[in-house]
Amino acid sequence: MYKVMLVDDDYPVLEFLSAAIPWEQYGLQLQGTHENGAVALEQAEAGMPDILITDIGMPKMNGLELIAALRERKPNLRVAILSCHNEFHYAQQALRLNVQDYVLKDTLDPADLEKLLDQFKKSLDQEGQVLTHQHQLQHMVDRNKELMKEKFIRKTMQEPILDRQDWMSEAQTFDLELTGKACLPIMGFIDGYRLAKHRFMSDDILRFAIYNVINEMIGQDELPVVHFAYGTKESFYLYPFHDTLKINAYDEAAAQIKEIQTALRKYLKISMSFLIGDVCHQPEEIKSSLNGLLAARVQRFYMEEGSIAKQRVYSEGNIDLFSWYDQASTEFREMMIEKNTGLIVPTVERWMEFLREHTFPPEKVKDWVLKLLLDLKLKLQSLQYFRSTYAVDILHKEILEIDSLVELEHWLIDHFQSVIALAGEIWEQSKRSEVVEACHYVSLHLDKRIGLEEVADHLHLNSSYFSRLFKKETGETFIEYVTRMKMIRAKELLDQTSHPVGKICEMLGYDNQSYFIKIFKSSVGLTPVEYRGQKTT
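Counting from 1, position 533 in the sequence shown corresponds to residue 517 in my numbering; the numbering is continuous, with no gaps.
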């Protein structure tokens, strides 16, 4: 609905028009009635009307002054003057202000005013249709230009530059003027892309929103940087400048990128980080730098959200990440078995800091985390209160889509919190919590000798009753269950550590190594040494 404002110092006239005209029937909303121009202008600051019907002679601010003030704010405002003045100079001033009609109160007929309002509505409808069509055409032009820019930057990165002058000429068509200038290539990438995509429903909507904000910022503030889309996650920015000793190109580019970063956070609630490459003087150098930025996966993975950093080379440390696997697995397993939500954040943060300190390759980190989660899933399913709540392929897909260590940290915290919360619900619903508690106890004491009587006493149950209950609920005796859990743990230690068999025997609470080897071979079909040798061949 279009909004109408009535302004007249004659209150009966306001009351009459308010009641006499069926506003909604004409698709109009009576926004407000005011007795002088000053009050009307103040109210218009909060919400501009589409149609103004005003008297001329009023205290504080007359109608002609009100029209001039509102027209400055909204040039397409429709205006009708309702006055008792029929002198020529008033009509003359009204024409100068592009007033659509001048109605005398003495001859006022509500039906005539209704016709005028209907004309206003139709003209506003028509104007809206024209503007919509213009916006659609402009959007098509802008969209085509963006696609051409993206095609240009991809061609630059992926194909040989055969003629520098041709490349420079094509760059100029995208407002990239590099004649006599150096250039600083910059790559931007969305932090937490998965969540941003989910919030905007699709890649296309997210990309369009980002494109609009960035290009409006560049145009509005006349920033010399030129933006090139590159898919949805990444985009490139080329900053041309005169390469002199007086100019710190990095600081100037970072300041301009900061403005774009702030606008994205303000209008879209999106965080974007940026990597700044080396100063380039030739198209071939720009090509090389752009590809280098895109390939900087390690630096990108370890950057904090909202960072602006110079590109640098990361070297992989000498530490084997998987040599720390067993320690991490044990900590997370015990945290989940104990359902200790207070340990989730500090445990995850400690391991993420360990990964950051050693800058392991992102692919290796994801493999390590995925293996950790899948192994935990299998181990904890033996405890009846942990059930699988996610498909393996979905878990794999989500981990692979994570682009940074910060995003991985947030994801892991949410994951463990949801798993432990579900475990608590299942625990409360379990009719045989004694069996669940027994499994819990075994998992936390695999490094010790565990006897039936010991656990029965812990549960305040008769040992014979507990033995029958456990067998009935799980299908195996308690001792068989303990042995099976210890053998699973033995295989983990053989797979994931270099501990000798004697050490592993002690870690599982066995006093007699020969007995441990005998139990292991009975369970696995191989001795511990044979099992480990089979894994390494």
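A virtual CB, placed ideally from N, CA and C, is assigned to each residue, including glycine. Keep in mind that this is a model prediction, so the values were computed, not measured.
Within the same chain, Cβ atoms closer than 7 angstroms to the Cβ of G16 are found at M(-11) and Q27, the five residues on either side in sequence being excluded. In this structure, F258 is the residue among F258, S186 and Y234 with its C-alpha nearest to the C-alpha of F220. In the assembly as shown, T331 is a buried residue. Its beta-carbon has 16 or more other beta-carbons within 10 Å. DSSP places V297 outside both helix and strand once states are collapsed to three, so it counts as coil.
Exclusion of the five residues before and after K165 leaves P224, F225, H226 and D227 as the residues of its chain whose Cβ lies within less than 8 angstroms of its Cβ. When rounded, the separation of the alpha-carbon atoms in L48 and K106 is 25 angstroms. In this structure, DSSP gives E385 a helical state, which the three-state scheme calls helix. When the beta-carbon positions are compared, G21 and M(-15) stay at least 7 angstroms from each other. By the criterion of a C-beta distance shorter than 7 angstroms, L389 is surrounded in its chain by F285, Y286, M336, L339 and R340, once the five residues flanking it on both sides are discounted.
Around the C-beta of M256, 16 or more other C-beta atoms lie within 10 Å, and the residue is accordingly described as buried. With contacts defined by Cβ atoms closer than 7 angstroms, I488 and V466 do not form a contacting pair.
Two segments are said to touch when three or more pairs of C-beta atoms, one from each, lie closer than 8 angstroms; by this definition the region 201 to 220 does not touch the region 296 to 315.
Secondary structure of C264 (DSSP, three-state): strand.
In this structure, L25 lies near L50, with their beta-carbon atoms less than 7 angstroms apart.
In terms of Cβ geometry, K350 and I303 do not form a close pair [threshold 7 angstroms]. Segment contact: the region 438 to 448 against the region 477 to 494, fewer than three CB-CB distances shorter than 8 angstroms; contact not assigned. If you draw a straight line from the Cα of S153 to the Cα of I189, it comes to about 32 angstroms. Counting only runs of 3+ residues, no beta strand (DSSP E) is found wholly inside the region 398 to 470. Straight across, the Cα-Cα distance linking A405 with F316 is about 15 angstroms.
Where M171 is concerned, the enclosing beta strand (DSSP E) starts and stops at A166 to I174. With fewer than 16 other CB atoms across the displayed protein chains lying within 10 angstroms of its CB, D441 is exposed. L274 and V419 have their C-alpha atoms roughly 60 angstroms apart. Looking from the CA of R281, the closest CA among G172, K432 and A180 belongs to G172. When only Cα atoms are considered, D(-6) and E19 end up about 7 angstroms apart. Proximity to D377 across L436, L354 and L392 peaks at L354, based on C-alpha coordinates. In this structure, DSSP gives I40 a state outside helix and strand, which the three-state scheme calls coil. Here K253 is not near L305, since their CB atoms are 7 angstroms or more apart. Annotated as distal: L443 and K470, with beta-carbon spacing of 7 angstroms or more. I194 carries a helical assignment under DSSP once its states are collapsed to helix, strand and coil. With a beta-carbon spacing of about 6 angstroms, K89 and L66 fall inside the 8 angstroms limit used to define contacts. The alpha-carbon separation between P345 and Q283 amounts to approximately 10 angstroms. In this structure, V263 lies near L168, with their beta-carbon atoms less than 7 angstroms apart.
The three-state secondary structure of H119, taken from DSSP, is helix. Looking at the DSSP output, V210 sits in a beta bridge with L222. I170 and I231 do not touch by the CB rule: their CB atoms are close to 16 angstroms apart, not below 8 angstroms. Taking a 10 Å sphere around the C-beta of H117, we find fewer than 16 other C-beta atoms and assign the residue as exposed.
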